[in-house]
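S.K.: Supplied in structure tokens, the structure appears directly below.
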Amino acid sequence: DCNANGIADSIDIAGGVPDCDNNGVPDSCQVNPCPARTLLLDQGSNAANSNGRALGVPSEWQIFQPFDVPAGGWNVGEIAIDGFTTNYADGSGGTVRLFPDNGMGTRPDETMSLASGMFNLRFNTNFENWVYVPIVAELEEGRYWVRIEANNPAVYGGSINTGFSGLQSLSRGSSGNFTNPASPIALRVVEGTGCTADFNGDGFVNSQDFFDFLGAFFSSTPEADFNNDGFINSQDFFDFLGSFFAGCE
Numbered sequence: 641d642c643n644a645n646g647i648a649d650s651i652d653i654a655g656g657v658p659d660c661d662n663n664g665v666p667d668s669c670q671v672n673p674c675p676a677r678t679l680l681l682d683q684g685s686n687a688a689n690s691n692g693r694a695l696g697v698p699s700e701w702q703i704f705q706p707f708d709v710p711a712g713g714w715n716v717g718e719i720a721i722d723g724f725t726t727n728y729a730d731g732s733g734g735t736v737r738l739f740p741d742n743g744m745g746t747r748p749d750e751t752m753s754l755a756s757g758m759f760n761l762r763f764n765t766n767f768e769n770w771v772y773v774p775i776v777a778e779l780e781e782g783r784y785w786v787r788i789e790a791n792n793p794a795v796y797g798g799s800i801n802t803g804f805s806g807l808q809s810l811s812r813g814s815s816g817n818f819t820n821p822a823s824p825i826a827l828r829v830v831e832g833t834g835c836t837a838d839f840n841g842d843g844f845v846n847s848q849d850f851f852d853f854l855g856a857f858f859s860s861t862p863e864a865d866f867n868n869d870g871f872i873n874s875q876d877f878f879d880f881l882g883s884f885f886a887g888c889e
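Heads up: the sequence shown is residues 641 to 889, going by the numbering used here.
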């Protein structure tokens, strides 16, 4: 209930309150509700069907979604997933990790994490609630894998919606065995906007970027919403730090 009107956000939105980016939060509660995004891949979300892919309990489920990058490569800035939380547990949410293929086309190379970011899904089970996770990577042509996992998988419970298109996904539980390929999940790959660590856009990554971000953060100016989730909070600070220390090529 972000606007404290005594009505759950999901009910507000179902009743016609604007949610232009379909993230489950009314636009009036967000600093920048509709950032311009270029989708490199959009597998869609079958949100009306709540029978998605289990995440976390009961078997510490992880979800794996492959995708192919065409010739010329992609500059990735975010990966979005759609689903819902069933047991919030300790609030630690989950992590999205990006891996290259292992060369066989059927499994990721989990020894080589290319990028990662944390997320928390919302609770509505029948509407789109896209969550955008900062994942910055330059990808050459080839196959890559997204792994989605709960940070406390023994207690967290959630579900990732199925998509309408894309390669088949896999799951893996506490046994360590992969399931048979099944429907693709609700996944988007968003084009990056260049070097996010260069916060002030002067062509250099240095202490001035850090101080400029701090100034924006403590002033709550729109650009401080570093992860474009519509809110300015500690997650923006941590996401900026991760980008800042990663630097730019």
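Using N, Cα and C, we set each Cβ at its ideal position, and we do this for glycine too.
Just so we're clear, the structure is a prediction, and the values are computed from it rather than from any experiment.
Should I800 and I719 be called a contact, given that it needs their Cβ atoms to be closer than 7 Å?
M.R.: For the purposes of this step, residue 800 is identified with residue 160 of the sequence shown, where counting begins at 1. For the purposes of this step, residue 719 is identified with residue 79 of the sequence shown, where counting begins at 1. Taking 7 Å as the Cβ cut-off, I800 and I719 do not qualify as a contacting pair.
S.K.: With the cut-off set at 7 Å, would you say V829 and D838 are in Cβ contact?
M.R.: As a position in the sequence shown, residue 829 is number 189, starting the count at 1. As a position in the sequence shown, residue 838 is number 198, starting the count at 1. For V829 and D838, no; Cβs fall outside 7 Å.
S.K.: Compute the Euclidean distance between the alpha carbons of A644 and S668, then round it to the nearest angstrom.
M.R.: Walking along the sequence shown from the start, residue 644 turns up at place 4. Walking along the sequence shown from the start, residue 668 turns up at place 28. Their backbone Cα atoms lie some 12 Å apart in a straight line.
S.K.: Please report the straight-line C-alpha distance between S815 and S860, rounded to a whole angstrom.
M.R.: Position 175 of the sequence shown, counted from the start, is the residue given in the question as residue 815. Position 220 of the sequence shown, counted from the start, is the residue given in the question as residue 860. One C-alpha to the other measures close to 46 Å.
S.K.: From the DSSP output, which residues share a beta bridge with N727?
M.R.: Mapped onto the sequence shown, residue 727 falls at position 87. Paired residue(s): G797.
S.K.: Name the two residues that bound the continuous alpha helix (DSSP H) containing A856.
M.R.: Taking the sequence shown and counting its residues from 1, the one referred to as residue 856 is at position 216. First-last of the alpha helix (DSSP H) with A856: 847 to 859.
S.K.: Roughly how many whole angstroms lie between the Cα atoms of P862 and F804?
M.R.: What you label residue 862 is simply residue 222 of the sequence shown in a count that begins at 1. What you label residue 804 is simply residue 164 of the sequence shown in a count that begins at 1. Looking at the two C-alpha atoms, the distance is approximately 33 Å.
S.K.: Assuming S650 and G664 make a contact with CB atoms under 8 Å, what is their CB distance in whole Å?
M.R.: The count along the sequence shown starts at 1 and reaches residue 650 at position 10. The count along the sequence shown starts at 1 and reaches residue 664 at position 24. Between G664 and S650 the Cβ distance is about 7 Å, and since that is below 8 Å, they are a contact.
S.K.: Can V771 and I721 be called in contact, C-beta distance under 7 Å?
M.R.: Sequence index remark: in the sequence shown, residue 771 carries index 131 (1-based). Sequence index remark: in the sequence shown, residue 721 carries index 81 (1-based). Yes, they are a contact pair.
S.K.: Thinking C-beta only, is V786 closer than 7 Å to L738?
M.R.: Translated into positions along the sequence shown, residue 738 becomes position 98. Translated into positions along the sequence shown, residue 786 becomes position 146. A contact, by the Cβ cut-off of 7 Å.
S.K.: So what's D649 in DSSP terms, helix, strand or just coil?
M.R.: On the sequence shown, residue 649 is found 9 positions in, with the first residue counted as 1. D649 falls in the helix class under three-state DSSP.
S.K.: Which same chain residues, not among the five before or five after S809, have their C-beta less than 8 Å away from its C-beta?
M.R.: Position 169 of the sequence shown holds residue 809. Taken in chain order, the residues that qualify are R693, I703, F704, Q705, P706, P821, A822, S823, P824, I825.
S.K.: State buried or exposed for G646, treating a residue as buried only when at least 16 other CB atoms are found within 10 Å of its CB.
M.R.: Start at 1 with the first residue of the sequence shown, and residue 646 comes out as number 6. Counting Cβ neighbours within 10 Å, G646 comes out exposed, since fewer than 16 surround it.
S.K.: Just how far apart, CA to CA, sit T802 and L695?
M.R.: One-based indexing of the sequence shown puts residue 802 at position 162. One-based indexing of the sequence shown puts residue 695 at position 55. Their Cα atoms are separated by approximately 13 Å.
S.K.: Sort out for me which residues DSSP pairs M744 with in a bridge.
M.R.: To locate residue 744, count along the sequence shown from 1; it is residue 104. Answer is none; M744 lacks a bridge partner.
S.K.: Using alpha carbons as the reference points, say which of N689, E780, N873, S732 lies closest to V709.
M.R.: Residue mapping note: residue 709 aligns to position 69 of the sequence shown, counting from 1. Checking every option, the nearest Cα to that of V709 belongs to E780.
S.K.: Buried or exposed: where does P698 fall if 16 or more other Cβ atoms within 10 Å of its Cβ makes it buried?
M.R.: Indexing the sequence shown from 1 puts residue 698 at position 58. The residue is exposed, with fewer than 16 neighbouring Cβ atoms inside 10 Å.
S.K.: Is the separation between the beta-carbon of N791 and that of G734 shorter than 7 Å?
M.R.: The sequence position of residue 791 within the sequence shown is 151, counting from 1. The sequence position of residue 734 within the sequence shown is 94, counting from 1. Contact: yes.
S.K.: By Cβ distance below 6 Å, which residues in the same chain neighbour C835 in space, the five residues on each side in sequence not counted?
M.R.: As a working note, residue 835 is residue 195 in the sequence shown. Here the set comprises C888.
S.K.: Helix or strand or just coil, what does DSSP make of S823?
M.R.: Translated into the one-based positions of the sequence shown, residue 823 becomes position 183. In the structure shown, S823 sits in coil (DSSP, three-state: anything other than H, G, I, E or B).
S.K.: Is P698 helix, strand or coil by DSSP?
M.R.: Numbered from 1 along the sequence shown, position 58 holds the residue referred to as residue 698. Three-state DSSP puts P698 in coil, outside helix and strand.
S.K.: Please state the DSSP three-state secondary structure of S883.
M.R.: Residue 883 sits at position 243 when you count from the first residue of the sequence shown. S883: helix per DSSP, three-state reduction.
S.K.: Considering just the uninterrupted stretch of the beta strand (DSSP E) at E789, what are its terminal residues?
M.R.: Taking the sequence shown and counting its residues from 1, the one referred to as residue 789 is at position 149. Run containing E789: 782 to 790, per the beta strand (DSSP E) assignment.
S.K.: Let me check one thing: in DSSP terms, what residues is G734 bridge-paired to?
M.R.: Along the sequence shown, read from residue 1 onward, the residue named residue 734 stands at position 94. BP columns for G734 point to F759, A790.
S.K.: What is the DSSP secondary structure of P611, counted as helix, strand or coil?
M.R.: What is shown of the chain runs 641 to 889, which leaves residue 611 out entirely.
S.K.: How long is the line joining the alpha carbons of D741 and R747, rounded to whole angstroms?
M.R.: Mapped onto the sequence shown, residue 741 falls at position 101. Mapped onto the sequence shown, residue 747 falls at position 107. Cα-Cα distance, rounded: 6 Å.
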